[in-house]
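For the sequence shown, the residue numbers in the numbering used here are -13 to 59. Beta carbons are placed, not taken as given, at the ideal position from N, Cα and C, and that holds for glycine. Quick caveat, the model's predicted, so the values are computed rather than measured. First comes the structure, then the notes that go with it.
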Amino acid sequence: MNTHTIQFKKALSFEQYQMAVRVLEAIGLEVYDETRLTEKQRENILRGIKQAEKGETKSYLEVREKARKICGV
-13 MNTHTIQFKK
-3 ALSFEQYQMA
7 VRVLEAIGLE
17 VYDETRLTEK
27 QRENILRGIK
37 QAEKGETKSY
47 LEVREKARKI
57 CGV
């Protein structure tokens, strides 16, 4: 399988992206959608939702402070 990447000069809106995909598919090109979640990503999201439901979350400020310490800011 040959894989090629197309880069755009500016960001596309969701509608423009969908139109571009339809055009490429119409001319017989297969478009791989990288927005699909992996099984590991799904598991992490579900785990995060369960933790949030149990109140096992950290505030934005706690996360920001830890990130600043890690980055040395």
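- Less than 7 Å divides the Cβ of V17 from the Cβ of L10.
- When only Cα atoms are considered, K55 and L47 end up about 12 Å apart.
- The DSSP-derived three-state label of R22 is coil.
- Judged by DSSP in its simplified three-state form, I(-8) adopts coil rather than helix or strand.
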